[in-house]
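Structure record follows, encoded as structure tokens.
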Amino acid sequence: MLEVEDVVHRYGMVTALSHVSLSAGRGEFLTILGSSGSGKTTMLRVISGLEMPTSVKVLRIGGADVANLPAAKRNCTTVFQNYALFPHMSVVENVAYGLRIRKMNAADALREARRALAMVQLEAKADRRISQLSGGEKQRVALARAVVTQPAILLLDEPLGALDEKLRQDMQIELMELQRSLGMTFVYITHSQEEALTMSDRVVLMSHGRIVQSGGPLDLFDRPESRFAAEFMGYENILPARLIGREGTAGIVEFPGGARTRGVVTVEGLKAGDAVCVALRAERIAPATEGATDALKAEVTNRVYRGKYIDIALATDAGPLRLRSWHGSHVESEDIRRIGWNTNDAVIFAAE
Amino acid sequence: MKVAVWLIVLAWFVLVIVPIIVLFAFSFFTTEQFRTVYTPTTTTWVELFSSGRWEVTLRTLRIAMTVTLIELAVGFPFALWLAKGRVGKVGRAVCLAMLTIPFFLDVSSRTIVWRAILGQSGLVNTVLMGLGLTDAPLDWLLYSEVAVLFGMVVTLFPPMVMPIYLAISLIDDTLLEASNDLGASPWQTLSRVIIPLSLPGVMAGIVFSLGPALAAWVEPGMLGGGFVNLISNSIESAYSALRYPVVAALSAFVILLLLLMLGAMYLIARRFGDPASSFRVLRG
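In the order they appear, the protein sequences are chains A and B.
For what it's worth, this note's numbering labels the leading residue of the first sequence as 535, then goes sequentially.
For what it's worth, this note's numbering labels the leading residue of the second sequence as 638, then goes sequentially.
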């Protein structure tokens with residue numbers, strides 16, 4: 535449905551996109567994840583045609599070559615971050631805009647527009663002014679306006695960025711349901727790893743105009759392939775170590791202090807003796823019973839109460855670690871002498 | 638908040654409405670031997686219409702509307718280019734400065750220069766004859782309706798462009814991108830988004846251009862050379878003859894004409910879009 539190969543885009547001296555390729559299948563929910571300045575919005579604008587890239591090898595939408603087509607001629611529409619609704623038109627006129635542009639007669643266009651508004655539960659406000667809507671309602675109008683022309687691909691530029699927490703979570707579910715019922719390809723831009731993991735079929739993580747890692751939400755969450763990916767996906771503990779042996783994807787590492795542990799190697803080509811990093815999520819670490827294998831000696835240095843959970847700072851043979859304990863568990867008050875984790879939860883990748 | 642609104646309304650009433658009412662009232666008096674007779678009568682108004690001032694009125698209307706239409710036809714594209722075109726920051730600043738500088742100079746001194754340029758032995762005719770394009774100097778360049786029109790178009794260009802420029806720059810770029818993204822051609826974006834949203838500026842431009850054009854006095858005097866009499870010239874001659882009721886009636890008549898034309902303009906604007914709703918862009 536969407537094929538992009540080798541996009542390069544420069545603004546003067548700044549390279550916003552450097553040799554990026556990605557694709558999305560029919561009905562796929564693809565998320566481009568990255569912090570601001572990662573090039574994710576530029577990527578979206580290149581796909582929509584609002585930005586003409588410095589160079590691109592292949593740019594196809596629904597099989598049609600669109601590399602030289604203006605935005606108006608491409609079979610995709612954008613949901614803008616600030617909604618970009620026309621203030622001089624009513625809600626239903628906004629939604630009907632794309633249809634009227636395509637010379638559909640007024641009565642049919644308004645009927646289609648009302649149907650699209652019904653899909654986002656806003657038919658009751660069809661005749662309102664845009665200024666009379668709340669942020670969440672504007673978001674829905676923008677969605678209805680973008681899908682009413684039935685584009686092959688819907689591009690969403692941080693559409694939930696301006697909404698509050700509760701509304702955002704509701705809209706995430708609604709967006710997923712809408713995407714499934716329409717069977718439309720969604721390309722979704724966000725800086726929130728939580729949004730990316732909740733909604734997507736596939737996630738592309740970008741940084742400095744390059745793709746850092748891409749894969750299913752679980753792959754990104756549990757198998758980061760670099761320090762950047764691990765940090766972005768919220769790994770609290772990233773420790774330097776040396777790989778001393780590996781067997782398939784299983785690896786054994788030695789920490790500077792001499793302690794050893796096992797984990798999963800996520801990148802090809804690492805061999806014994808290479809400098810690596812071991813990443814561990816704080817909530818996957820637990821106090822170990824006396825005599826457990828692979829357990830590390832630990833000493834509590836600090837406890838921070840954070841409402842739902844408690845963060846416990848530990849000094850261990852592997853270095854300082856953070857352990858997260860859900861509020862109410864026995865770990866909260868007990869002293870911790872040894873800690874351990876599931877081998878699957880320790881991720882090993884090359885140190886930069 | 639309410640107090641402020643009432644104060645503004647009061648100030649506006651005292652400063653704008655009261656003089657117009659007084660003016661209007663004066664037009665129902667007459668003068669005898671350079672003295673105003675304070676007895677209400679419609680003589681002045683009847684004389685106004687019977688004394689051949691119709692011709693002057695029609696000419697004034699025609700010239701004012703022609704000037705306004707030319708301003709709009711040239712000013713709107715210019716304002717659009719200045720606000721949304723590929724103009725650099727420096728280019729835009731220079732253009733805005735050039736639009737502002739004429740306000741520092743008096744209209745008369747700006748206009749009188751054209752005499753030297755458009756006259757029989759002026760710059761234009763000298764160049765044309767030097768190039769052999771004409772044998773005799775073009776006499777319609779100065780002291781003609783063309784010259785008056787030209788002078789007024791030049792003078793009233795900034796007042797037309799400025800409000801339109803401001804209205805167009807207020808339009809969020811993403812609205813234009815959204816229109817483009819939804820499949821609209823540049824012309825469709827212009828007619829469905831830019832023009833409706835810039836209507837407040839266009840209306841202001843028309844008011845700022847039509848009003849002064851109806852009351853123009855410098856250009857017809859200096860570039861018309863007495864051949865192009867407009868209402869303002871009638872007002873002036875009535876004023877120097879101390880016939881204040883005639884001055885009042887003529888001025889009131891200009892105001893009425895302006896109101897009529899603005900009303901017509903509003904009706905025309907309604908065909909392009911809801912003028913009331915286009916003001917919403919100002920509120921965001």
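All C-beta atoms, glycine included, are put in the ideal place defined by N, C-alpha and C.
As the structure is a computational prediction, the values presented were derived from the model and not from experiment.
Relative to the C-alpha of Ser806 (chain B), which residue among B:Phe715, B:Gly756 and B:Phe890 is closest? Looking only at B:Phe715, B:Gly756 and B:Phe890, the smallest Cα-Cα distance to Ser806 (chain B) is reached by B:Phe715.
For Arg544 (chain A), three-class secondary structure by DSSP: In the structure shown, Arg544 (chain A) adopts extended strand secondary structure according to DSSP, grouped into three states.
In the DSSP assignment, find the beta strand (DSSP E) that holds Asn836 (chain A) and state where it starts and stops. Per DSSP, Asn836 (chain A) belongs to the beta strand (DSSP E) from Leu830 to Tyr839.
Near Gly568 (chain A), what residues of its chain come up, given a Cβ to Cβ distance below 7 angstroms and the 5 sequence neighbours on each side ignored? Hits under 7 angstroms: Lys574, His725, Leu739, Met740 and Ser741.
Thr795 (chain A) versus Glu765 (chain A): straight-line alpha-carbon distance, rounded: Each residue's alpha carbon lies about 21 angstroms from the other.
Pull up the distance between the alpha-carbon of Glu728 (chain A) and that of Ile566 (chain A), whole angstroms please. Whole-angstrom Cα-Cα distance: 13 angstroms.
Per DSSP, what kind of secondary structure is Trp777 (chain B) in: helix, strand or coil? Trp777 (chain B): helix per DSSP, three-state reduction.
Please return the same chain residues whose Cβ sits closer than 7 angstroms to the Cβ of Glu886 (chain A), not counting the five positions on each side in sequence. Excluding five sequence positions before and after Glu886 (chain A), the CB atoms of its chain that fall closer than 7 angstroms to its own CB belong to Arg761, given in chain order.
Can Ile888 (chain A) and Pro821 (chain A) be called in contact, C-beta distance under 8 angstroms? Not covered by the structure: residue 888 (chain A). The range shown for chain A is 535 to 886.
Report back the beta-carbon spacing between Ser846 (chain B) and Val704 (chain B) to the nearest angstrom; my notes put them in contact at under 8 angstroms. Sure, about 7 angstroms apart at Cβ, within 8 angstroms.
For Ile786 (chain A) and Gly792 (chain A), believed in contact at Cβ under 8 angstroms, the rounded distance: Contact flag wrong, Cβ pair sits at about 13 angstroms.
Is it buried or exposed for Pro924 (chain B), if we count other Cβ within 10 angstroms and need 16 for buried? With chain B represented from 638 up to 921, any question about residue 924 (chain B) goes unanswered, as that position is not in the structure.
3-residue-minimum beta strand (DSSP E) runs that sit fully inside the region 625 to 670 of chain A, ordered along the chain: Within the region 625 to 670 of chain A, complete beta strand (DSSP E) segments of at least 3 residues are not found at all.
Could you list which residues in chain B have their beta carbon closer than 7 angstroms to that of Asn876 (chain A), in chain order? Near Asn876 (chain A) there are no residues of chain B at all, since even the closest Cβ is about 47 angstroms away, more than 7 angstroms.
Please return the same chain residues whose Cβ sits closer than 7 angstroms to the Cβ of Gly750 (chain A), not counting the five positions on each side in sequence. Here the set comprises Arg736.
Just to confirm, is the Cβ distance from Ala816 (chain A) to Pro758 (chain A) under 8 angstroms? No, the Cβ-Cβ distance between Ala816 (chain A) and Pro758 (chain A) is not below 8 angstroms.
If you draw a straight line from the C-alpha of Lys591 (chain A) to the C-alpha of Ser668 (chain A), how long is it? So the two alpha carbons sit approximately 42 angstroms from each other.
What did DSSP end up calling Gln615 (chain A) once you bin it into helix, strand or coil? Coil.
Inspect the beta-carbon positions of Thr719 (chain A) and Arg560 (chain A) and report whether they are closer than 8 angstroms. Cβ distance < 8 angstroms, so Thr719 (chain A) and Arg560 (chain A) count as in contact.
Alpha-carbon to alpha-carbon, Phe671 (chain B) and Leu879 (chain B): Pairing Leu879 (chain B) with Phe671 (chain B), the inter-Cα distance amounts to about 6 angstroms.
Within 10 angstroms of the Cβ of Gln673 (chain A), are there 16 or more other Cβ atoms? Answer buried if so, exposed if not. Gln673 (chain A) counts as buried, since no fewer than 16 other beta carbons sit within 10 angstroms of its beta carbon.
Taking the alpha-carbon positions, what's the Gly921 (chain B) to Leu893 (chain B) distance? Residue confidence is low: Gly921 (chain B) scores 42 on pLDDT, short of 50, so the model does not pin down where it sits. Its coordinate-derived value is still stated next. Going by the C-alpha atoms only, they are around 34 angstroms apart.
Taking the alpha carbon of Ser570 (chain A) as the point to measure from, which residue in A:Gly717, A:Gly768, A:Asn771 and A:Gly695 has its own alpha carbon closest? Comparing Cα positions, the closest option is A:Gly695.
I need the straight-line Cα distance from Gly583 (chain A) to Gly632 (chain A), nearest angstrom please. Between Gly583 (chain A) and Gly632 (chain A), the C-alpha separation is close to 16 angstroms.
Quick one: does Ser748 (chain A) have its CB under 8 angstroms from some CB of chain B? Not an interface residue.
Backbone secondary structure at Val918 (chain B) - three-state DSSP: For Val918 (chain B), the predicted model reports a pLDDT of 49, less than 50, meaning its position is unreliable; a value from the coordinates is still stated below. Val918 (chain B) falls in the helix class under three-state DSSP.
My assumption, with CB atoms under 8 angstroms, is that Ala730 (chain A) sits in contact with Val681 (chain A). Please give the rounded CB distance. By a beta-carbon distance limit of 8 angstroms, Ala730 (chain A) does not contact Val681 (chain A). Their separation comes to about 21 angstroms.
So, is the C-beta of Pro656 (chain B) closer than 8 angstroms to a C-beta in chain A? No, Pro656 (chain B) lies away from the interface with chain A (no Cβ there is under 8 angstroms from its Cβ).
Three-state secondary structure assigned by DSSP to Thr826 (chain B): If DSSP states are grouped into helix, strand and coil, Thr826 (chain B) belongs with the helices.
Can you name the residues of chain A whose CB is closer than 7 angstroms to the CB of Ala821 (chain B)? Chain A residues near Ala821 (chain B): Ala606 and Ile635.
Which runs of the beta strand (DSSP E) spanning at least 3 residues fall entirely within the region 646 to 673 of chain B, listed in chain order? With a minimum length of 3 residues, the continuous beta strand (DSSP E) runs that stay inside the region 646 to 673 of chain B are 667 to 669.
Considering only the alpha carbon of each residue, which of A:Arg679, A:Arg544, A:Tyr545 and A:His553 lies closest to Ala538 (chain A)? Note on identity: in this sequence residue 538 (chain A) is Val, with Ala being the wrong assignment. The residue with the shortest Cα to Cα distance from Val538 (chain A) is A:His553.
Could you tell me which chain B residues have their CB closer than 9 angstroms to the CB of Leu584 (chain A), listed as they occur along the chain? By Cβ distance, chain B contributes Glu814, Asn817 and Asp818.
Ser758 (chain B) CB to nearest heavy atom of the ligand HEM below 7 angstroms: With respect to small molecules bound, the structure shown includes none, and the ligand HEM cannot be examined in it.
In chain order, what residues of the region 825 to 847 of chain B put their CB closer than 7 angstroms to some CB of chain A? Within the region 825 to 847 of chain B, contact with chain A at the beta-carbon level (separation under 7 angstroms) is assigned to Gln825, Val830, Pro833 and Leu834.
Does the CB of Tyr631 (chain A) have a neighbour CB from chain B at under 8 angstroms? It does; some Cβ of chain B falls within 8 angstroms.
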